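One structure is given here, and the rest of the page talks about it.
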Amino acid sequence: MSAAIKIIDKVPFFGGMFRVESNELNPVNAWPSLMAMTSFVWFAIAAILGVSMPAIQFMELGSNWYYQNITLHGAAMAFPFVFQLMAAMSLHRAGACLGKRADDIFVSLFYIFMNVGALLLTVAVLLGFHVTYTVMFPLPVVGVMTGQWSMFTLVLGFTGIALVLTSMIFIYPIKILRMSFFGQIDSTLQVAERSMKDPGMIGMVMGALVLLVTGTPLMIVAGSLLLHLYGIFPAEWIGWAADAVVFEFVFYIFAHNLMEAMAIMIIGAVYSTLPLCTADGSRKLYSDKIAILALWILLITSVTSFFHHFFTMYPALPSTFAYHGNIMSFATGVGGALTIFTILATIWKHGIIPTPALFLILGGFVMYILDGVSAIVISNVAWNFKLHGTMWAGGHAMVVLIAISALWMGILYYHYPLMTNRTIDDSTARSCIKYFFISYIGLLYTFLAAGAAGMPRRNGAWESDWYIFGAFMLIFGVMLLYAFVLYFLSLRKSTALEY
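As structure tokens, this is what we get:
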């Protein structure tokens, strides 16, 4: 029996949602199921922390609790939840479509590095390492110099971050590329055959390459700093890496393109799944060529749009770069428009089978588009000066993660029968989708309204005028938490497939 299956069987509550039967498909099912299960454990932690933040303000528990919880919430939500869920489902899709194993050393290392790294970072935060997940270097070092946390805590936190980044930038992309282009095909694992000319497969490879190419410079810089903190590299070797401008450039090249890679990856997953749900059984998109063109436009425009993060760096950075980022950000809308057209045209031409999986996928895509509108607004240089330090930007970061997670949760619904040999409870799933969408809309526009009103993000001492926004954040946050409880129950109440 697979080690992954043994671990799943021993985990209370969540293990029951992802219990895998031992059969010939274990090399495809076992580890992705374990990764998906673990990602939801992290989400449960992140969700409680998220709801706690407005509650802390209303109960006047102090800013220290607020800053601790916002750090833990952001880190848990972005990496061990959303990214790990994405990795689980894309590995399962690649394995079942290409006939390749998803249980080798790369998958095991990804799981260990991601979750051990997240645990180390969690411990560091509990010891006082209260930074945002953007890690604005050298502020973490300044925190040591001002006595806010110890050097041990800094090294522990940086070690956790390094493990998480290694799993995301190297281990996961290399595994996806190996599955896509190398290794023998095992026909017993190939449940739904696809070629590398398929838009869904192309999107998956594009996303992996973006992570690898844009993340490597960050790992060189951050790795040099970490090795100095370990006492391996002398100070004179890493002076160039300690320059704040150097660090922030390589950081935002990756951080921005991390979200773009996840977007391209999920659009590829939609392109793979939607044809399987067509009512006429054609199993085709409206146009593969338009779908691939949309992916290429998204790739080309998004890679350099990271410059919109540097709107305040003039004159150190020529202002033309900030406007280039502005223009490229707007241009991503062309790829988005073509994607919307492809999805709607496919539904119009072939019809769809109205399953909870497809509804959650389409609902998540609508969420993603709505957030994209808010992102394009804030990519404008002038509006950035007005909104970047407000809840508008914080809300954008949060709701894009919710939208991406909704899309992957829909993909999980579709893959679930293959992974577990069970089918979800449809009634509970449909209720989940309803509350998910309502809470998302509520949170999105609450954050945008708060930002437009001037409410600063990452602020642990709210003024009286901001509590009305906090009340709506708490209401819709609890509703979102309830939607996830329903999602878990739809898996817990699943029934065995009948053949």
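Heads up, the sequence shown stops at 498 in numbering that gives the first Met the number 0, and the numbers go up one at a time, no gaps. Backbone N, C-alpha and C define an ideal beta-carbon position, used for all residues, glycine too. Values in this document were obtained by computation on a predicted structure and should not be read as measured data.
query, result
"Residues of its chain near Val190, where Cβ-Cβ distance is below 7 Å and the 5 sequence neighbours each way are ignored", "Ala95, Leu417"
"Beta-carbon spacing of Leu411, Ala35 below 8 Å", "yes"
"Where Ala460 falls: helix, strand or coil (DSSP)", "coil"
"Sequence-distant residues of its chain with Cβ nearer than 6 Å to Trp30 (five each side left out)", "Ala3, Ala101, Asp102, Val106"
"Cβ-based burial, Leu496 [other Cβ within 10 Å; buried from 16]", "exposed"
"Beta-bridge partners of Pro455, as assigned by DSSP", "Thr389"
"First through last residue of the alpha helix (DSSP H) which encompasses His323", "318–349"
"CB of Trp64 within 8 Å of CB of Ile55, strictly", "yes"
"Host alpha helix (DSSP H) of Asn379 (start-end)", "No alpha helix (DSSP H) holds Asn379; DSSP gives it neither H nor E."
"Where Leu275 falls, given that 16 or more other Cβ within 10 Å makes a residue buried", "exposed"
"Other residues of its chain near Ser438: CB distance less than 7 Å, five sequence neighbours each side excluded", "Phe475, Met478, Leu479, Ala482"
"Simplified DSSP state of Thr70, which is helix, strand or coil", "helix"
"Terminal residues of the alpha helix (DSSP H) in which Thr121 lies", "104–125"
"Assigned exposure category for Ile219 - 16 Cβ within 10 Å defines buried", "exposed"
"Cβ neighbours of Ala402 in the same chain (closer than 6 Å, five flanking residues each side left out)", "Gly363, Met366, Tyr367, Asp370"
"When Glu462, Leu225, Glu259, Met258 are compared against Phe246, the one with the closest alpha-carbon", "Leu225"
"Buried or exposed (CB count within 10 angstroms, at least 16 for buried), Met203", "buried"
"Nearest-angstrom Cβ-Cβ length linking Pro353 and Ile423, presumed shorter than 8 Å", "Contact flag wrong, Cβ pair sits at about 14 Å."
"Opposing strand residues paired with Thr145 [DSSP bridges]", "DSSP, once it has assigned bridges, lists no residue as partnering Thr145."
"Cα-Cα separation, Met76 to His129", "16 Å"
"Short Cβ contact (8 Å threshold) for Leu108 with Ile170", "yes"
"Contact the region 257–265 vs the region 290–301: 3+ CB pairs below 8 Å", "yes"
"Which listed residue (Thr187, Phe435, Leu357, Phe181) has its alpha carbon closest to that of Met195", "Phe181"
"Exposure of Trp347, with buried meaning 16 or more beta-carbon neighbours within 10 Å", "exposed"
"Minimum length 4: unbroken alpha helix (DSSP H) runs contained in the region 263–302", "287–302"
"Asn25: first and last residue of the uninterrupted alpha helix (DSSP H) it sits in", "25–58"
"Alpha-carbon to alpha-carbon, Ser223 and Asn420", "47 Å"
"Continuous alpha helix (DSSP H) stretch holding His227: start and end", "198–228"
"Bounding residues of the alpha helix (DSSP H) (the contiguous stretch that carries Thr165)", "150–165"
"CB of Ala87 within 8 Å of CB of Ile175, strictly", "no"
"8 Å contact criterion, which Leu71 and Leu48 should meet: CB distance rounded", "5 Å"
"C-alpha distance - Leu164 paired with Phe82, whole-angstrom precision", "11 Å"
"Span separating the alpha-carbon of Phe340 from that of Leu60", "49 Å"
"Distance between Tyr229 and Ser149 (C-alpha atoms, nearest Å)", "14 Å"
"Limits of the unbroken alpha helix (DSSP H) element including His91", "83–97"
"Limits of the unbroken alpha helix (DSSP H) element including Ala2", "2–9"
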